[in-house]
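Residues 347 to 677, numbered by our numbering, are exactly what the sequence shown covers, in order.
In this text, a Cβ means the ideal position worked out from N, Cα and C, and glycines have one as well.
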Amino acid sequence: MSEIKAAITGIEGYTPDYVLSNHEIATMVDTSDEWITTRTGIKERRILKGEGKGTSDMGTEAVKRLLKKTNTSVDEIDLLICATVTPDMQFPATANVICDKVGIVGAMSFDLAAACSGFIYSLETARQFIESGKYKKVIVVGGDKMSSIINYEDRATCVIFGDGAGAIMLEPNSEGLGIQDSILKSDGAGRHHLHQKAGGSVKPASHATVDAKEHYVYQEGQQVFKFAVTNMADVSYEIMDRNNLTAEDIAYLVPHQANKRIIDATANRMGVGSDKVMVNIERYGNTTNGTIPLCLWEWEDKLKKGDNIILAAFGGGFTWGSIYLKWAYNS
Ligand code: UT7
347 MSEIKAAITG IEGYTPDYVL SNHEIATMVD TSDEWITTRT GIKERRILKG EGKGTSDMGT
407 EAVKRLLKKT NTSVDEIDLL ICATVTPDMQ FPATANVICD KVGIVGAMSF DLAAACSGFI
467 YSLETARQFI ESGKYKKVIV VGGDKMSSII NYEDRATCVI FGDGAGAIML EPNSEGLGIQ
527 DSILKSDGAG RHHLHQKAGG SVKPASHATV DAKEHYVYQE GQQVFKFAVT NMADVSYEIM
587 DRNNLTAEDI AYLVPHQANK RIIDATANRM GVGSDKVMVN IERYGNTTNG TIPLCLWEWE
647 DKLKKGDNII LAAFGGGFTW GSIYLKWAYN S
């Protein structure tokens, strides 16, 4: 094990102004506030409005705020990773676009796609760069403009997703704080249950794919739910168990915000009370790569140096995993 650990040293977020409430969604599809609230825990979500606005605009705002807050200059950044499934375009990477808009020139930057697990996959990736000793300041952005791939005539998906982005700074720590352990998994056989049918190399965009609405999220909700409940809970328990952590040792569980019922099942399995679970799904819905950083951003004031925190996610791919970290600063 390297003596250098990778620690989060700052966090910021950005959520668009427009609030799409359950009541407004109920004017668009056959649903109700009651159904959405009881089945998912969501009351409203944010939508990025405006011609020509994409994921990079939310990521850029989060990164600008992060640089200001951490008193970091653009020249100091060695690497920026952007976790997203809604890149501005197929290429170049949204990470490159964010760097340009922020004024970061010459740093390594790339996107990482692992659906809703993208942020924790990116954090684990960034950790390796820090622990190598070569990279000193790494930014991980997690963000999605899910409204760009949602069919607002499909009640099975449009009630769930929202737009938003968060960004963290990762730096070396020699006090033993930061990322302690991780378990990250995938099973591509699950891809059939949650995907975007067209727009890739298998089925490039055409009039026919647009007419068939194949550029929107396709989800078999119940199937995904079954796998998510089991795997997110199992992996969160596993990381506790192998690090000899009891529920009392844990300050916070930071779960991906896909469905309040999946969050509750994970917390139950870990034996962690609701006061130790970060939940903001009622206000933002599922922002895919944005959920975990947006939670950390909102809870930052409450976090204390040395706190044991478990991050957990499950998403398309299937991909899932958990990360155990010790919080590195008091804000
Ligand atoms: O973040 C990435 C990973 N994604 C997830 O983790 C999502 C996992 N899946 C889920 O969260 C849930 O499956 C959903 C929230 C998507 C759906 O909830 P559900 O409890 O699994 O509902 P269901 O699909 O089993 O549908 C139950 C009923 C059906 O009606 P019938 O057949 O019982 O008459 C649906 O047609 O609810 C109906 N329904 C709705 N009714 C009102 C489905 N969507 C809606 C809706 N409003 N929006």
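Check	Outcome
From G546 to G522, what distance separates their C-alpha atoms?	43 Å
Return the CA-CA distance between V556 and K395, expressed in angstroms with no decimal places.	21 Å
Along the beta strand (DSSP E) that carries S668, what are the first and last residues, could you check?	T665 to K672
What does the Cβ neighbour count give for Q436, buried or exposed, with the cut at 16 atoms within 10 Å?	exposed
Do G661 and S463 count as a contact pair if the criterion is CB distance below 8 Å?	yes
Between A674 and T355, which are expected to be in contact by the criterion C-beta below 8 Å, what is the C-beta distance as a whole number of angstroms?	6 Å
What residue range is occupied by the uninterrupted alpha helix (DSSP H) comprising R615?	K606 to M616
Please name the residue, chosen from A593, A604, R615 and T633, that lies closest to N654 on a Cα-to-Cα basis.	A593
Over the uninterrupted alpha helix (DSSP H) stretch that includes D379, give me the two end residues.	D379 to T386
Mind the definition here: the stretch 611-619 touches the stretch 374-385 only if three or more C-beta pairs lie below 8 Å; say whether that holds.	no
Taking only three categories from DSSP, how would you classify G636?	helix
Which runs of the beta strand (DSSP E) spanning at least 3 residues fall entirely within the stretch 480-562, listed in chain order?	484-491, 509-519, 524-532 and 540-542
Only counting the same chain, and skipping five residues up and downstream in sequence, which positions put a Cβ closer than 6 Å to that of Y670?	Q526, D527, I585, N589 and I656
Does the ligand UT7 have a heavy atom nearer than 7 Å to the CB of F465?	no
For the ligand UT7, is there a heavy atom less than 7 Å away from the beta-carbon of W381?	yes
Measuring only the C-alpha atoms, how far is D647 from A597?	13 Å
Whose C-alpha, out of H553, T432, R411 and F507, is nearest the C-alpha of I485?	R411
Classify K351: buried if its beta carbon has 16 or more other beta carbons within 10 angstroms, exposed otherwise.	buried
Measuring only the C-alpha atoms, how far is S478 from L640?	27 Å
By Cβ distance, which residues of its chain are closer than 7 Å to K559, with the 5 residues on each side in sequence left out?	N497
Terminal residues of the continuous alpha helix (DSSP H) containing E370?	N368 to I371
Determine which residues share a DSSP beta bridge with D457 and list them.	C428
With respect to 7 Å, is the separation between the Cβ of C641 and the closest non-hydrogen atom of the ligand UT7 below this value?	no
Mind checking whether D457 and T633 have CB atoms under 8 Å apart?	no
For D580 and G400, what's the separation of their Cα atoms in angstroms?	35 Å
Using only the alpha-carbon positions, how far apart do K650 and K672 sit?	9 Å
Do N626 and the ligand UT7 come close, with the Cβ less than 7 Å from some heavy atom?	no
Considering only DSSP beta bridges, list what Q474 is partnered with.	Note: Q474 sits in no beta bridge, so no partner.
Which one of D587, G536, H561 and G489 has the shortest CA to CA distance from T406?	G489
Report the rounded CA-to-CA distance for A554 versus E499, giving the unit in angstroms.	18 Å
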